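Peer 1: One structure coming up, written as structure tokens, with questions to follow.
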Amino acid sequence: MTFPNAYKGVKKLHTAQVLGLISAILGVVIAIFVVLSVAAISTQNEPAAVVFGLLILVVGIAAGVLAIIAYILQIVGLKKASHDDNSFYTAFVFAIIGLVLTVLATIFSSLNVANGFGDDIASLFTKFSTIIITAFVIIGVSNLAGKLEQSAMAKRAKSVGTLQIVILALSIVASIIALFTGNAATIISGVLGLIASLLTVVFAIVYLVFLGKAKKMLKEN
């Protein structure tokens with residue numbers, strides 16, 4: 662094993678991605694329970710409303726705990742892998758900065774500072790840091806693949822990185838078009854936003870597989 666630190670780090674990143682996906686799925690389950698709860702309340706079915714309310718609480722806590730564990734694993738994994746490639750250290754720095762800024766923005770929001778502006782800032786910081794972290798992880802894996810002369814993995818890293826750029830570009834274009842008025846602008850922005858959202862789901866799975874392949878490569882070489 663040429664890069665034991667990178668292997669251990671990427672292994673943690675892979676686990677973090679799995680937990681993150683599970684947390685996201687639980688988020689969808691919560692949304693479904695919310696709809697069912699509202700329906701139960703509207704039909705005055707109090708027992709069902711109570712049950713769905715409890716399910717929302719339990720699943721919500723589980724999703725939150727998994728998300729926290731995933732983020733901690735991500736930070737630990739990035740720090741470990743950074744001993745073998747500096748790209749992981751850059752990702753680690755952004756993970757820490759993103760965490761600190763998000764916590765601060767959330768605190769300001771809870772204190773009702775700037776009339777909810779903190780929520781928007783927290784969301785922006787989370788998305789920005791996630792994009793940067795993912796990009797540098799892909800670069801780090803690509804660098805290691807090059808050092809190990811694993812051309813197939815290097816090409817895979819390039820493909821995954823390209824997909825991320827496409828999604829980011831679509832999101833930016835959709836946001837810009839949304840600034841214009843008119844039905845055409847609204848429809849185009851909505852379609853592009855939907856495509857970006859669907860590709861984001863695809864990317865999450867592709868990225869998970871990519872980390873799994875990277876972990877295997879680092880273990881076997």
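Counting from 1 along the sequence shown, just add 661 to a position and that's the residue number in the working numbering.
Note that beta-carbon positions come from the ideal geometry of N, C-alpha and C, so glycine has one too.
Just so it is clear, the structure is predicted and the values come from calculations on it, not from any experiment.
Just to confirm, are Leu831 and Ala857 a CB contact at a threshold of 8 Å?
Peer 2: As a working note, residue 831 is residue 170 in the sequence shown. As a working note, residue 857 is residue 196 in the sequence shown. Yes, Cβ-Cβ distance for Leu831 and Ala857 is below 8 Å.
Peer 1: Distance, Cα to Cα, Thr767 vs Asn844?
Peer 2: In the sequence shown, residue 767 corresponds to position 106, counting from 1. In the sequence shown, residue 844 corresponds to position 183, counting from 1. Between Thr767 and Asn844, the C-alpha separation is close to 35 Å.
Peer 1: Beta-carbon separation of Ala752 and Ile722 under 8 Å?
Peer 2: Taking the sequence shown and counting its residues from 1, one reaches residue 752 at position 91. Taking the sequence shown and counting its residues from 1, one reaches residue 722 at position 61. No; because the gap between Cβ atoms is not below 8 Å, this pair is not in contact.
Peer 1: For the alpha helix (DSSP H) containing Asn666, name the first residue and the last one.
Peer 2: For the purposes of this step, residue 666 is taken as residue 5 along the sequence shown, with counting starting at 1. Start and end: 665-703.
Peer 1: What are the start and end residues of the alpha helix (DSSP H) that includes Ala710?
Peer 2: Taking the sequence shown and counting its residues from 1, one reaches residue 710 at position 49. Its alpha helix (DSSP H) spans residues 707-742.
Peer 1: Is the beta carbon of Ile849 less than 8 Å from the beta carbon of Ile838?
Peer 2: Translated into positions along the sequence shown, residue 849 becomes position 188. Translated into positions along the sequence shown, residue 838 becomes position 177. In contact: Ile849 and Ile838 (Cβ atoms closer than 8 Å).
Peer 1: Given Ala835, which residues of its chain have a CB within under 7 Å of its CB, disregarding the five upstream and five downstream residues?
Peer 2: Residue numbering aside, residue 835 sits at position 174 when the sequence shown is read from its first letter. Within the same chain, Ala835 has close Cβ partners Ser850, Leu853, Gly854, Ala857.
Peer 1: Should the segment 808-822 be called in touch with the segment 681-700, which here means at least 3 C-beta pairs below 8 Å?
Peer 2: The segment 808-822, when compared against the segment 681-700, does not touch it at the 8 Å Cβ threshold.
Peer 1: Which residues mark the beginning and the end of the alpha helix (DSSP H) in which Asn616 is found?
Peer 2: This structure gives no information on residue 616, because the portion of the chain shown stretches from 662 to 882.
Peer 1: Using only the alpha-carbon positions, how far apart do Ile833 and Gln705 sit?
Peer 2: Sequence index remark: in the sequence shown, residue 833 carries index 172 (1-based). Sequence index remark: in the sequence shown, residue 705 carries index 44 (1-based). If you take the alpha carbons of Ile833 and Gln705, they lie about 44 Å apart.
Peer 1: In its own chain, which residues sit with a C-beta less than 7 Å from the C-beta of Ala709, not counting the 5 before and 5 after it?
Peer 2: Counted from its first residue, the sequence shown places residue 709 at position 48. Answer for Ala709: Ala701, listed in chain order.
Peer 1: Leaving out five residues on either side along the sequence, give the residues of the same chain with a beta carbon under 7 Å from the beta carbon of Phe664.
Peer 2: As a working note, residue 664 is residue 3 in the sequence shown. Asp745, Leu805, Leu879.
Peer 1: Can you give, in chain order, each stretch of the alpha helix (DSSP H) that sits fully within the segment 789-838 and has at least 4 residues?
Peer 2: Counting whole runs of 4 or more residues, the segment 789-838 contains the alpha helix (DSSP H) stretches 812-838.
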